[in-house]
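For reference, the structure discussed in these notes is given below.
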Amino acid sequence: MKLLPHALFAFLFSLAPILAQNGDTPAKPAEKPVEEKPTQEPEVAPDDSSKPAKPQKDDTNPKAGNIDFATQILPILEKNCVECHKAPYTDADGKKKRPKGGVILDSKDGMTKAKKGKLVVAKKPDDSLIVHSISLPADDEDRMPPAKKGDPLAQDDIDLIKTWIEQGADFGTWKGTGAKTDDKSSNDKAEKGKAEKDKDSKESKESADTSGEKPKDDDTGKKGGEDLALGLEALPEATLATFADRFTVEVVEVGSPLLRVTCYGREARIDDAAIAALVPLSAHVAELVLARTPVTDAAMTTIAAMPRLSHLDLRQTAITDAGCTKIASLAHLRSLNLHGTKVGDRGLAALSQCASLQSLYVWQTPVSAAAVVALQHALPTARVVFAADLPSPMTEEQNRGGRARR
Amino acid sequence: MNARRLRQLAIAATAATRRDFVTGIARSLLGLSIGGLALGGTRPRLAQPVSLPNRKARQVIYLFLRGGMSHIDTLDPKPGSKTQGPVEALRTRADGVLLGQYFPKLAQQADKVCIVSSMSSKQGAHPQAQYLMRTSYEKRGTIQHPSLGAWVNRMAGRQNPELPGHVILGGGGDMPTAGFFPPSLAALPIGDASTGLQNAALPRSIQAARFDQRLRLLAEMNREFHSAHRERDAFAHDEAYAAAVRLMRSEDLVAFDLDREPEATREVYGDNPFGAGCLLARRLVEHGVRFVEVVSDGFDTHADNFDRLSDLTPAIDQGLAALLADLDGRGLLEQTLVVLATEFGRTPDIDQDQGRNHYPKAFSCLLAGGGIRGGQRYGRTDDEGREVLEAPVSIQDFNATIAYAAGVATDEVVISPSGRPFQVADKGYPLTDLFA
């Protein structure tokens, strides 16, 4: 660390050759469109759900009266779409069939929840993926139905669907097949892909997967999250932005009103006053990372009043039994990190009332093994990490092997 | 194409295209990044980050063993088979999961790991296979694809505004890049983890005030240029300087300093480059760095495979076992995905030089933490380790699984500046079965 700081800057220039390879060759932008045209891949991919549909603001064509889904829209879907886009089922040969692209159009649940709910966005035909897909030009490979499967929808039918969405996408009493869907488009896709790829070898496992405990990979995070989020309004961006100088505030997942609050890089400034300033977010904070900050037990009063808090990371802070006792009342706390704090047996005993707790970290604290055993008894399903299971050091000979570069 | 047509095209080009041209030039000639530090904004964000329900991993530690690690001798032993050679299989803490004898310490942590033993690809050349592993795309001349670390940072954003979101420890040679993403997403490379980030402190002869004066002088000199050329990319150069200065003054610089670790801890990780890399990776992850890669070389064991593995593997065994145990003790393993990857396996047949050669058809990688269910082996190869019998996993599937764990939507399409669509793991599907 003795060299000039300019050496750091010199590093900038050493990167230049790497950077020069980045992306496009900058030397010939003008030619590019011509060169690339013939081989160019489609600009809009089928399942780019974050990208707004192509604006086709032409004829909104408001028809008199409200469109009835069951008699006017459903027949169009059944005729053109449902063959490939129905809820998973087993066909006559006993093969699992899954909806193409995770798009399910034979149930209300499917239409409103698959593809993150972007298939049909009420009152916004231009944001609805279904309108986008059926409106693409006939030669676009993403157009639905695909050229191999059927003709494009008649313009009248497209307009009808648009108008129906504009009117609020009311399904009336129709529910469809009633098959349940999960709204994780990637998952659908993943399972579809796997099913296609190794259906022979994994048939039995697949069916086990789909039968009983479907949402197994999100029953902890997602479902808990959904329940917690129920009836909660997302805070406006502007409110979140006011915390930006000391905290990173982000939503736990897209579309959720729940928040994850971290302060990496600014830990030294996060004192009890900074925590007190989080009060406006109290109802929304689900994850709070305060590792290595100077917070004290006093701040735990504010934190104990965060009703939806499920993950709290206080590792390497000065929290003691007093603070731990305060947060033990949190009703939804699932993960608590007290590694390297001053919490001892009294604090641990208080946590026995925290029935929601699933993981607790108390390595390098004054906590005793007996207290851990007692807590484990009170909370049999919780995982209490009392010590790191570190390996013994290497022999010198082994280290030499690792250092030898061949 | 004649000159007139060219000119028409140039005129037709939109302002954005011209800006891209200048961006490219500036990037090529000036080098507007210090590995992830340019505040850049040289390109508009193409799409909002999207996260998935199963987002447990907030950080990724990617351990890359270059050269192609022999699967039969390490993660996928075949006791009793004629392809096994002299290496014995070890029982582990996880029922039914065996490891090669070189991994006694990892065996003690086997309840935390998932071995993916049905990796399969068609790429058997080192540079191409490494590129595929890191980017999910075939290497080709017309485009540079972003590495997984750049993707994760691009989609999930940076957690710590003071530190780069993407760091590579060790390595050299063919390094992953940000590809067509802004250079601010490129990794900060650190050659030797045990010495940390070099040249970040002011020399003793330069007082802080004098340093500030120099920066002001620099700004003064640049001002005229900026007033004549109101180009975002010219400003990006200034921003890269500003970011470097910010890092120099950051309290988080200590994250790079292994001297702050107790001697005992350094010994537990192993006093060698890989161990130091794992320990520094842990420090960076503690400070919220999104993606840390640790590179280790030497696994291209065409000759004396067994002697060389017995030299090379203790450091890997030690470093990985220490990392998993330490992260778990600190409560970080549930939110940190640890990956052990290599670009291909090695031939089941042992040749006359006691060597094994390139074998992409069947090989093994390992995942742990970040929501992965431990103590399992995914997929199966035949009794001699030649063919994948069950649940083949492509490199794209493997990378899609990493992305999925880190909350990056694998089906989100990002359009490159040349107008072509790309996904984080190409057309890979995440192995959602692996998660608890």
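Each protein sequence line maps, in turn, to chains V and X.
By the count of this note's numbering, the first sequence reaches residue 1478 at its end, each step adding exactly one.
By the count of this note's numbering, the second sequence reaches residue 441 at its end, each step adding exactly one.
Cβ coordinates follow ideal geometry from the N, Cα and C atoms, glycine included.
Should P1352(V) be labelled buried (16 or more other beta-carbon atoms within 10 Å of its own) or exposed? exposed
Does any CB atom of chain V fall closer than 7 angstroms to the CB of E167(X)? yes
Just to confirm my understanding: we take L207(X), look at its own chain, exclude 5 residues before and 5 after, and list those with CB closer than 8 angstroms. What are they? A213, F216 and M253
Can you tell me where the alpha helix (DSSP H) holding L371(X) begins and where it ends? For L371(X), no alpha helix (DSSP H) encloses it; the enclosing beta strand (DSSP E) starts and ends at F368 to G374.
Per DSSP, what are the beta-bridge partners of A94(X) in this structure? G105(X)
Would you give the residue range spanned by the beta strand (DSSP E) that L1(X) belongs to? No answer is possible for residue 1(X): the residues shown for chain X start at 6 and end at 441.
Just to make sure I have the definition right: I need the residues of chain V whose C-beta is within less than 8 angstroms of the C-beta of G177(X). Which are they? Result: empty, since nearest Cβ-Cβ is about 11 angstroms, beyond 8 angstroms.
DSSP three-state label for N277(X), please. coil
In the stretch 1416 to 1439 of chain V, which residues sit with their C-beta less than 7 angstroms from some C-beta in chain X, listed in chain order? So the close ones are S1431, Y1433 and W1435.
Just to make sure I have the definition right: I need the residues of chain X whose C-beta is within less than 8 angstroms of the C-beta of A1460(V). Which are they? A330, D331, D333, G334 and R335
With 7 angstroms set as the bound, which would you pick, yes or no: does the beta-carbon of H1449(V) sit closer than that to a beta-carbon of chain X? Not an interface residue.
What does a CB cutoff of less than 6 angstroms around A260(X) pick up in its chain, not counting 5 residues either side in sequence? R288, L289 and H292
DSSP state of T140(X) mapped onto helix, strand, coil: T140(X) falls in the helix class under three-state DSSP.
Is G1518(V) helix, strand or coil by DSSP? The structure shown does not extend to residue 1518(V), since chain V is modelled only from 1073 through 1478, so no value can be given for it.
Buried or exposed: G379(X), going by 16 or more other Cβ atoms within 10 Å of its Cβ? Residue environment for G379(X): buried (at least 16 other C-beta atoms within 10 angstroms of its C-beta).
Excluding sequence positions up to five away, which residues of its chain have a Cβ less than 6 angstroms from the Cβ of V1193(V)? D1199 and S1200
At a Cβ threshold of 7 angstroms, is G46(X) touching chain V? Interpretation of G46(X) is limited by its pLDDT of 30, a score under 50 that renders its predicted location unreliable; the figure taken from the coordinates is listed afterwards. Not an interface residue.
CB R139(X) to CB A115(X), shorter than 7 angstroms? Between R139(X) and A115(X), the gap from beta carbon to beta carbon reaches 7 angstroms or more.
How would you list, in chain order, the residues of chain V whose beta-carbon sits under 8 angstroms from the beta-carbon of G390(X)? Under the 8 angstroms cutoff, chain V gives no residues; its nearest Cβ is about 17 angstroms from G390(X).
Between E225(X) and chain V, is there a C-beta pair that is closer than 7 angstroms? no
Residue-chain proximity (M1466(V), chain X), Cβ-Cβ < 7 angstroms: It does; some Cβ of chain X falls within 7 angstroms.
Per-residue contacts from Q164(X) into chain V (C-beta, under 7 angstroms): T1320, T1334 and Y1336
By the three-class DSSP mapping on this structure, what secondary structure does L1302(V) have? L1302(V) falls in the coil class under three-state DSSP.
Using a cut-off of 7 angstroms between C-beta atoms, extract the partners of A248(X) located in chain V. Result: empty, since nearest Cβ-Cβ is about 10 angstroms, beyond 7 angstroms.
Note down the Cα distance separating T1111(V) from H1383(V), rounded to an integer number of angstroms. Because the pLDDT at T1111(V) is just 40, under 50, the model does not fix this residue reliably, and the value given afterwards should be weighed accordingly. Going from the Cα of T1111(V) to the Cα of H1383(V) covers about 49 angstroms.
C1396(V) (DSSP reduced to helix, strand or coil): helix
Chain V partners of V273(X), CB-CB under 7 angstroms? L1462, P1463 and P1465
Against H1411(V), what residues of chain X qualify as contacts under a CB-to-CB distance less than 8 angstroms, listed in chain order? G334, R335 and G336
For P1209(V), does the count of other Cβ atoms within 10 angstroms reach 16, so buried, or fall short, so exposed? exposed
Could you tell me if K1221(V) is buried or exposed, where buried requires 16 or more neighbouring beta carbons within 10 angstroms of its beta carbon? With fewer than 16 Cβ atoms within 10 Å of its Cβ, K1221(V) is classed as exposed.
Which bits of chain V does A2(X) rub up against, with CB to CB less than 7 angstroms? Outside the displayed span of chain X (6 to 441) sits residue 2(X), for which this structure offers no information.
For T1314(V), count neighbouring Cβ atoms within 10 angstroms of its own Cβ and tell me buried if that reaches 16, exposed if not. Counting of Cβ neighbours within 10 angstroms places T1314(V) among the exposed residues, the total staying below 16.
With a cut-off of 8 angstroms on the beta carbons, I'd call K1180(V) and K1247(V) a contact; round off their distance for me. 5 angstroms
For Q149(X), which three-state DSSP category applies? coil
Compare the Cα-Cα distances from A247(X) to each of V273(X), R96(X) and L220(X) and report the closest residue. L220(X)
Contact residues within the stretch 355 to 385 of chain X, judged by C-beta distance below 7 angstroms to chain V: none
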